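In what follows, a structure is listed as structure tokens, so that the remarks can point back to it.
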Amino acid sequence: MIIAICLDAGIGWPQVLYARIGHPVTWLGKLIATGDRRLNREKNSYIFRRVVGVLLAGFVIVVAICIALMLSRLLLQGRSRLVLTGILAWPLVAARSLHDHVMAVAKPLAVGDLASACHAVSMIVGRNPNLLDEAGIARAAAESLAENASDGVIAPLFWGILLGLPGIAAYKAINTMDSMIGYRTPRHQAFGWAAARIDDIANLIPARLTGLLFALASSRPIAALAVMWRDARAHRSPNAGWPEAAFAGALGVRLSGPRIYADRIANEPWLNGNAPDPTPTNLLDGLALYRRAMMILAFFMIVIVLIAKTV
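Residues in the sequence shown are numbered from 20 upward in steps of one, following this note's numbering.
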């Protein structure tokens with residue numbers, strides 16, 4: 020997993036590879052989209068749609084695990100096996116991509132280019148970007164950075180460390196399903212129920228570890244921990260509140276709160292509600308905090324490897 024995160028941090032997923040072969044997440048996405056299109060029909064009953072949603076979730080996870088197991092058995096033994104496993108796990112970690120997407124918001128926002136920042140933030144959040152002011156854009160990007168640090172980096176590495184390539188592949192299948200069909204909308208409330216619940220379970224430990232990691236990387240660790248402990252459970256998600264609340268406490272800003280999506284208004288509670296809204300400078304500080312957290316993560320992973328070798 021150290022090789023995977025180093026490759027991702029260094030070069031990300033090159034555009035030339037994406038153009039030629041796509042990306043494992045897009046492959047999973049096509050499978051999930053096909054299942055959604057063929058099985059999730061409005062004419063079917065709520066119970067039927069929930070059952071076939073459970074079956075689809077199980078099928079996608081099994082497919083991901085089987086492919087990973089097959090690749091694992093084909094790998095050579097010894098050090099070459101570790102290197103090849105790291106290379107195969109590389110596209111399943113999104114540390115560089117997450118940083119670049121949020122930086123694409125932070126840079127124009129810092130110079131007052133709200134139009135460019137609004138367009139960039141629309142690529143990473145689901146809320147209506149046309150109704151966001153400077154603070155709303157900064158808040159949306161900061162929340163995405165905090166939540167996806169857990170979903171896109173810590174959680175896949177956590178399951179990869181525990182269960183190897185099959186673990187990280189299974190997690191990416193789970194998380195991709197949740198991002199595509201795990202919504203409480205009329206279309207997906209029944210069909211995506213299993214995807215959302217499995218994702219909640221898979222992220223239970225990683226989300227809390229991410230919050231702790233942000234606190235460790237912060238210049239305000241006590242404040243970050245205090246806000247996380249006090250406010251995390253108020254979030255609509257059982258997991259996203261932990262990294263977001265720690266991030267808010269670490270930066271001394273408020274996050275979450277009411278927001279407008281394309282089809283609804285969500286009156287969410289504030290995290291660190293007595294603090295001010297984030298500014299463009301706070302967003303840049305958040306990116307620096309994220310980079311420090313990733314360095315601390317790499318250090319801990321190296322320590323784990325060294326301890327494992329001595330046991």
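Glycine included, every Cβ here is placed at the ideal spot set by N, Cα and C.
Only a predicted model underlies this, so the values are computations on that prediction, with no experimental measurement involved.
Next on the checklist: Just to confirm my understanding: we take Arg149, look at its own chain, exclude 5 residues before and 5 after, and list those with CB closer than 8 Å. What are they?
Outcome noted: Here residue 149 refers to the residue found at position 130 of the sequence shown. In the sequence under discussion, the amino acid at residue 149 is Asn, which differs from the Arg named in the question. Excluding positions up to five away in sequence, the list reads Cys137.
Item to check | Inter-stretch contact (C-beta, 8 Å, three-pair minimum) for the segment 43-56 and the segment 193-201 | outcome: yes
Checklist entry - Tyr309 lies in the alpha helix (DSSP H); which residues open and close that run? => result As a working note, residue 309 is residue 290 in the sequence shown. Counting along the chain, the alpha helix (DSSP H) containing Tyr309 begins and ends at 299-329.
Checklist entry - Less than 8 Å separating the beta-carbons of Phe266 and Pro225? => result The residue given as residue 266 occupies position 247 in the sequence shown. The residue given as residue 225 occupies position 206 in the sequence shown. Taking 8 Å as the Cβ cut-off, Phe266 and Pro225 do not qualify as a contacting pair.
Checklist entry - Whose C-beta lies closer than 6 Å to the C-beta of Ser179 among residues of the same chain, with five residues either side of it excluded? => result Against the sequence shown, residue 179 aligns to sequence position 160. First, the residue type needs correcting, since residue 179 is Gly and not Ser in the sequence shown. Counting only Cβ-Cβ distances below 6 Å, and skipping sequence neighbours, we find Met20, Ala108, Gly186, Ile187.
Checklist entry - Alpha carbon to alpha carbon, what distance is there between Val172 and Arg39? => result Counting from 1 along the sequence shown, the entry for residue 39 is found at position 20. Counting from 1 along the sequence shown, the entry for residue 172 is found at position 153. Approximately 24 Å, taken between the alpha carbons.
Item to check | Beta-carbon proximity check, Leu184 vs Ser91, cutoff 8 Å | outcome: For the purposes of this step, residue 184 is taken as residue 165 along the sequence shown, with counting starting at 1. For the purposes of this step, residue 91 is taken as residue 72 along the sequence shown, with counting starting at 1. Yes, Cβ-Cβ distance for Leu184 and Ser91 is below 8 Å.
Checklist entry - Asn301 to Ala157, Cα distance in whole Å? => result The residue labelled residue 301 in the question sits at position 282 within the sequence shown. The residue labelled residue 157 in the question sits at position 138 within the sequence shown. Rounded to whole angstroms, Asn301 to Ala157 spans 8 Å at the Cα level.
Checklist entry - Do the CB positions of Ile315 and Leu232 come within less than 8 Å of each other? => result Along the sequence shown, one-based indexing puts residue 315 at 296. Along the sequence shown, one-based indexing puts residue 232 at 213. The answer is yes: Cβ separation under 8 Å.
Item to check | Buried or exposed by the 16-neighbour rule on C-beta atoms within 10 Å, applied to Glu61 | outcome: As a working mapping, residue 61 is identified with position 42 in the sequence shown. When all chains shown are included, Glu61 counts as exposed.
Next on the checklist: Can you look up Ser141 in the DSSP assignment and give me helix, strand or coil?
Outcome noted: Taking the first residue of the sequence shown as 1, we reach residue 141 at position 122. Reduced to three states, the DSSP call for Ser141 is coil.
Checklist entry - What is the DSSP secondary structure of Arg68, counted as helix, strand or coil? => result For the purposes of this step, residue 68 is identified with residue 49 of the sequence shown, where counting begins at 1. If DSSP states are grouped into helix, strand and coil, Arg68 belongs with the helices.
Next on the checklist: Let's test the definition: count the other Cβ atoms within 10 Å of the Cβ of Ile66 and tell me whether it reaches 16, buried, or not, exposed.
Outcome noted: Sequence index remark: in the sequence shown, residue 66 carries index 47 (1-based). Looking at its Cβ environment, which holds fewer than 16 other Cβ atoms inside 10 Å, Ile66 is exposed.
Checklist entry - What residues in its chain sit with their C-beta under 7 Å from that of Ala243, if we drop five residues either side in the sequence? => result As a first step, residue 243 must be located in the sequence shown, where it is residue number 224. Excluding residues within five positions, the ones whose Cβ falls inside 7 Å are Phe233, Ala234, Ser237, Ala265, Gly268, Ala269.
Checklist entry - Who pairs with Ser275 in a beta bridge, going by DSSP? => result By one-based count along the sequence shown, residue 275 stands at place 256. In the DSSP output, where bridge partners are listed per residue, Ser275 has Trp289.
Checklist entry - Just how far apart, CA to CA, sit Ala139 and Leu181? => result Taking the sequence shown and counting its residues from 1, the one referred to as residue 139 is at position 120. Taking the sequence shown and counting its residues from 1, the one referred to as residue 181 is at position 162. So the alpha carbons of these two residues sit roughly 35 Å apart.
Checklist entry - In chain order, which alpha helix (DSSP H) runs of at least 4 residues are fully inside the segment 142-204? => result 153-168, 174-200
Checklist entry - If Glu166 and Ala307 are in contact, beta carbons under 8 Å, what's the gap, nearest whole angstrom? => result Along the sequence shown, one-based indexing puts residue 166 at 147. Along the sequence shown, one-based indexing puts residue 307 at 288. Not a contact, Cβ separation roughly 18 Å.
Checklist entry - Counting only beta-carbon atoms, is Gly105 nearer than 8 Å to chain C? => result In the displayed structure, chain C is absent; only one protein chain is listed.
Checklist entry - Nearest to Gly31 by CA position, among Ile323, Leu111, Leu274, Ala245, is which residue? => result Residue numbering aside, residue 31 sits at position 12 when the sequence shown is read from its first letter. Cα-wise, what sits closest to Gly31 is Leu111.
Item to check | Between the CA atoms of Ser64 and Pro127 - distance to the nearest angstrom | outcome: For the purposes of this step, residue 127 is taken as the residue at position 108 of the sequence shown. For the purposes of this step, residue 64 is taken as the residue at position 45 of the sequence shown. C-alpha separation (whole angstroms): 48 Å.
Next on the checklist: Taking 8 Å as the threshold (C-beta atoms), are Ala113 and Ala189 in contact?
Outcome noted: Residue numbering aside, residue 189 sits at position 170 when the sequence shown is read from its first letter. Residue numbering aside, residue 113 sits at position 94 when the sequence shown is read from its first letter. No. Outside cutoff.
Checklist entry - Which term fits Ala134, buried or exposed, when burial requires 16 or more other beta carbons within 10 angstroms of its beta carbon? => result Taking the sequence shown and counting its residues from 1, the one referred to as residue 134 is at position 115. Exposed, since its Cβ has fewer than 16 Cβ neighbours within 10 Å.
Item to check | 8 Å contact criterion, which Leu164 and Val121 should meet: CB distance rounded | outcome: Counted from its first residue, the sequence shown places residue 164 at position 145. Counted from its first residue, the sequence shown places residue 121 at position 102. Right, their Cβ atoms sit about 5 Å apart.
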